[in-house]
Amino acid sequence: MRLAAVDLGATSGRVMAGTVGPGRLDLEEVRRFPNGGVRVAGATGSTLHWDVLGLYREMLAGLGDAGAVAGVGIDSWAVDYGLLDADGRLLGNPVHYRDSRTAGVAEFVHRTIPARELFAVTGLQELPFNTLYQLVSEGDRLAAAEKMLLIPDLLGYWLTGSVGAERTNASTTQLYDVRERTWAGDLAERAGIPARLLPPLREPGERIGTLLPQLAEELGKPQLPVIAVGSHDTASAVAAVPAEPGTNFAYISSGTWSLVGLELDEPRLGAAALAANFTNETGVDGKIRFLRNVMGLWVLTETLRTWATRGEPAELATVLAEAAAAPPLAAVVDLDAPEFLPPGDMPARIAAACRRTGQRPPESRGALVRCIVDSLALAYRRAVRQAAQVTGRPVDAVHLVGGGARNDLLCRLTADACGVPVLAGPVEAAALGNVLVQARALGADLPDLAAMRRLIRETQPLRRYVPGGGNWAAAEARLSGAGVVA
Ligand code: LRH
Numbered sequence: 001m002r003l004a005a006v007d008l009g010a011t012s013g014r015v016m017a018g019t020v021g022p023g024r025l026d027l028e029e030v031r032r033f034p035n036g037g038v039r040v041a042g043a044t045g046s047t048l049h050w051d052v053l054g055l056y057r058e059m060l061a062g063l064g065d066a067g068a069v070a071g072v073g074i075d076s077w078a079v080d081y082g083l084l085d086a087d088g089r090l091l092g093n094p095v096h097y098r099d100s101r102t103a104g105v106a107e108f109v110h111r112t113i114p115a116r117e118l119f120a121v122t123g124l125q126e127l128p129f130n131t132l133y134q135l136v137s138e139g140d141r142l143a144a145a146e147k148m149l150l151i152p153d154l155l156g157y158w159l160t161g162s163v164g165a166e167r168t169n170a171s172t173t174q175l176y177d178v179r180e181r182t183w184a185g186d187l188a189e190r191a192g193i194p195a196r197l198l199p200p201l202r203e204p205g206e207r208i209g210t211l212l213p214q215l216a217e218e219l220g221k222p223q224l225p226v227i228a229v230g231s232h233d234t235a236s237a238v239a240a241v242p243a244e245p246g247t248n249f250a251y252i253s254s255g256t257w258s259l260v261g262l263e264l265d266e267p268r269l270g271a272a273a274l275a276a277n278f279t280n281e282t283g284v285d286g287k288i289r290f291l292r293n294v295m296g297l298w299v300l301t302e303t304l305r306t307w308a309t310r311g312e313p314a315e316l317a318t319v320l321a322e323a324a325a326a327p328p329l330a331a332v333v334d335l336d337a338p339e340f341l342p343p344g345d346m347p348a349r350i351a352a353a354c355r356r357t358g359q360r361p362p363e364s365r366g367a368l369v370r371c372i373v374d375s376l377a378l379a380y381r382r383a384v385r386q387a388a389q390v391t392g393r394p395v396d397a398v399h400l401v402g403g404g405a406r407n408d409l410l411c412r413l414t415a416d417a418c419g420v421p422v423l424a425g426p427v428e429a430a431a432l433g434n435v436l437v438q439a440r441a442l443g444a445d446l447p448d449l450a451a452m453r454r455l456i457r458e459t460q461p462l463r464r465y466v467p468g469g470g471n472w473a474a475a476e477a478r479l480s481g482a483g484v485v486a
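Here you go:
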């Protein structure tokens, strides 16, 4: 069975064709295209948007190139959305979660709904860009809106004309009641968000519809079913973690963001989870993704972009090789600090963070990249340990999936920092999870997550890293500036 997976990340999107059969799972890249923010100046300051129509065009081109497929599923980064009016027209261009429009909004909302209450209902990590805060920042514009569609649901709507909200992504909005498994409509209304905006929920594996006749004709794909998958890319990626049943594993979905945590059957909504700022997102088959958002490879990508705009471009492979040769743990920064969230000059921000904590800023490119990768591994260590602590579940191995699994230095340092073996791969976990959920919906013999994961283990190349050394505990202490002589 051949299926098309549309997988949209914050820095690149792709259309993949996956072939699934007994003991068989192949993925072929049909089309890859860049994605990112588009800054548009306005009378009251600039706004960082997504080019959602550009993504739609690329998706269609990719579907055209994919040839004969039995289904299509779409997953993307979470939290962002388009608003539709009563006639189903898009109201304005979707805004990027890294835009500054949500500055101070969380604090404003907490005056009406305390953070503790928000967490008790939604189980979500406090992030300034949660959909709840983004919607509140729309102000009066919400009056004109009839429905809010998350990005994959919006693209699915354009393909089929069917309005809905796929559950895994809905669970990232901070408007979803994680215990009741429904929208938290009352909570939305109290925050000033009309509950009518929240579309009916749909499950991963549900059929959204078939291609609208005009598109079906344009693409030469009559009656092509569009299937809801784990439309949150992280939900799809976690579904594709090749864990063996019965093992105590943590996962790291490592891309623009790094999502670090455990798979649970029930949410953790207690004080310890709140204090550790963990999230309880919903996974495929009703699992809970108990995880923390760690800033991720974004800081490295943005560093390369900064160098390129200065006319000093660098190849990723070259700077990673220099980083591997640079002294370990010479300087580390807290990548979760808010200053690393917006686009900008990361090398300058890293240097400032080093100075603030009494460390000497990296002096070469290799040292700077080493600082980023060391800091990322350190953030993984903290999140893995906290997840184990808060849940009382030991972690015996870490599965690292997504683009980061390609980064040998990162995988090695993650094993060192976490002190347990790291299994790296698959790189295209989100697309594979997308394909597998579609395949099951269309009748493949993949009854549960264990069967999907077995197929990944049997078919995808994985690499194993055993922990080496490094004084990670001391490095961790340095993040706060403790114990350092400047
Ligand atoms: C990763 C991701 C993550 C979200 C962020 C906005 O792509 O979906 O899980 O928190 O983007």
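Residue numbering for the sequence shown follows full-length UniProt numbering, starting at 1 and increasing by one per position.
Every residue, glycine too, gets a C-beta built ideally from N, C-alpha and C.
Since the structure is predicted, the reported quantities are computational estimates derived from the model, not experimental observations.
Beta-carbon gap between residue i and residue j smaller than 9 Å
i	j	result
Leu320	Leu442	no
Ile193	Leu211	no
residue 487	Val333	Given a span of 1 to 486 for the chain in the structure shown, any question on residue 487 remains unanswerable.
Ala377	Thr318	no
Val398	Phe249	yes
Ala352	Glu339	yes
Leu198	Ala170	yes
Glu146	Asp85	yes
Asp285	Asp448	yes
Lys287	Leu264	yes
Ala61	Pro225	no
Gly123	Leu269	yes
Ala474	Leu291	no
Residue i in three-state terms, based on DSSP
i	result
Ala235	helix
Phe33	strand
Val369	helix
Ile151	helix
Arg14	strand
Glu169	The residue asked about is misnamed: residue 169 is Asn in this sequence, not Glu. Of the three classes helix, strand and coil, the one that applies to Asn169 here is helix, per DSSP.
Leu175	coil
Glu363	coil
Gly403	helix
Ser46	coil
Gly470	coil
Glu281	strand
Tyr465	strand
Arg289	strand
Arg268	coil
Glu476	helix
Val27	The amino acid occupying residue 27 in the given sequence is Leu; Val does not appear at that position. Three-state result, Leu27: strand.
Val484	A caution first: Val484 carries a pLDDT of 46, below 50, which makes its placement in the model unreliable, though a value can still be read off. If DSSP states are grouped into helix, strand and coil, Val484 belongs with coil.
Arg98	coil
Residues that DSSP places opposite residue i in a beta bridge
i	result
Val398	Ala250 and Val422
Ser375	Bridge partners of Ser375: none, in fact.
Gly73	Ala5 and Ile227
Leu90	Leu84
Gly209	Val226
Val40	Thr47
Leu118	Leu118 pairs with nothing; no bridge assigned.
Near the ligand LRH: residue i beta-carbon under 8 Å from a heavy atom
i	result
Ala10	yes
Ala388	no
His232	yes
Asp153	no
Trp50	no
Ala473	no
Asp80	yes
Tyr97	yes
Ser171	no
Gly255	yes
Leu259	yes
Leu297	no
Asn35	no
Asn277	no
Leu55	no
Terminal residues of the alpha helix (DSSP H) in which residue i lies
i	result
His110	Val105 to Thr112
Tyr56	Val52 to Asp65
Thr306	Trp298 to Thr309
Gly185	Gly185 to Arg190
Gly433	Ala429 to Ala441
Glu458	Leu449 to Thr459
Glu263	First-last for Glu263: Ser258 to Leu264, but that is the beta strand (DSSP E), not the alpha helix (DSSP H).
Arg141	Premise fails: Arg141 is in no alpha helix (DSSP H) and is neither H nor E.
Val319	Leu316 to Ala325
Where the beta strand (DSSP E) containing residue i begins and where it ends
i	result
Arg23	Before going further, note that residue 23 is Gly rather than Arg in the sequence given. Looking at the DSSP string, Gly23 is not in any beta strand (DSSP E), and its letter there is neither H nor E.
Thr131	Note, Thr131: premise wrong, no beta strand (DSSP E); alpha helix (DSSP H) at Thr131 to Glu138.
Ile350	Unbroken run through Ile350 is the alpha helix (DSSP H), Met346 to Arg356; no beta strand (DSSP E).
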